[in-house]
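Line by line, the protein sequences give chains A and B. Just so we're aligned, residue -8 is where the first sequence starts under this note's numbering, counting upward by one. Just so we're aligned, residue -8 is where the second sequence starts under this note's numbering, counting upward by one.
Protein chains: 2
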Amino acid sequence: MSYQISVFAEKCGVNKETIRYYEKKALLKEPNRTDAGYRIYSDDDVKRVKFIKRLQDLGFSLSEICKLLGVVDNDNVRCQGMYEFVSKKEKEIQKQIADLKRTESMLQDLKNRCPDQKAINQCPIIEWLVID
Amino acid sequence: MSYQISVFAEKCGVNKETIRYYEKKALLKEPNRTDAGYRIYSDDDVKRVKFIKRLQDLGFSLSEICKLLGVVDNDNVRCQGMYEFVSKKEKEIQKQIADLKRTESMLQDLKNRCPDQKAINQCPIIEWLVID
DNA sequence: CTTGACCGTGTACTGAGGTACACGGTTTAT
DNA sequence: ATAAACCGTGTACCTCAGTACACGGTCAAG
């Protein structure tokens, strides 16, 4: 029910330095301490770190997550805020996909220009890339 | 036909510090100098920088571009090398697209869970993210 | 009572792709 | 002749998300 930093970090699936880093970045609140100054964590703290990790996997940066946690912690905002947060990120992801697709088709186009084994100094890919 | 670094950088559309950076990273060869030690560049050098920038836009890192330029400069390799380089990057881009699509559908899924304006402490998105 | 495994703080380092100074020499226009 | 506008080198700094040390205190086992 109550853990020191090493066990806690392991339960969260992260390095213990990462825990301290999150604390410094205000993603985790200052934990209670033992008399010797050792940090103590609870199962709720585990949930919080896992929450952070999930959002990271979904493409949110730590500073975005920090803002979001501010909303969640204040508890005085409607679900709407969360919904908008997710929608905004969804749009960003869609833009990234569109950009990558454009890149992909340019690369395909380059490949099509180079069907055989010409000498490198006549390589049509290079010629195309060099044109202003 | 022959430029000092400021004009050259402007013609290339980059910062002049970037030019010096590329030189240090061996993407640009050491340029000729004036008696006072000022770097002098030609239109061919402009082409080279634009070549680099194109490849960057296509998702190549500077170290990949550096390798590629080694091939191009040596001039003793067949076009095949270039073709493989492009193919490899194409696969990487395709993987990135697939990853982003997965993320996108997770975000969509989250949005679907939160159709109305519940209080934040009951927000189904947050509840879902917190579950282990 | 000492050894090893913890914990604390603070600082430096990673990599990618640059940007920004500081300090000093050169060139050009007035 | 002097000030503005260049150029040179070298070093430090930036973001992001951590990781790695170094140095020292604490705690439990043998």
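Yeah, the Cβ is synthetic: ideal placement off N, Cα and C, and Gly gets one too.
Please state the DSSP three-state secondary structure of Asn103/A. helix
Tell me which residue opens and which closes the alpha helix (DSSP H) that Tyr12/A is part of. Lys7 to Lys15
Cutting at 7 angstroms between CB atoms, please list the residues of its own chain near Arg39/B, excluding the five before and the five after it. Cβ within range, chain order: Leu19.
Rounded to a whole number of angstroms, what is the C-alpha to C-alpha distance between Ser54/A and Leu120/B? 18 angstroms
For the beta strand (DSSP E) containing Ser33/B, list its first residue and its last residue. Arg30 to Ser33
Excluding the 5 residues preceding and the 5 following Ala17/B in the sequence, name in chain order all residues of the same chain whose CB lies nearer than 8 angstroms to its CB. Cys57
Expected contact under 8 angstroms - CB spacing of Gln85/A and Glu95/B to nearest Å: 6 angstroms
How long is the line joining the alpha carbons of Phe(-1)/B and Val62/B, rounded to whole angstroms? 25 angstroms
Using a Cβ-Cβ cut-off of 7 angstroms (strictly less than) and excluding sequence neighbours within five positions of Gly72/A, which residues of its own chain qualify? Val62
Does any C-beta atom of chain A lie closer than 9 angstroms to the C-beta of Phe42/B? yes
Would you verify that the beta carbon of Ile(-4)/B is, or is not, closer than 9 angstroms to some beta carbon of chain A? no
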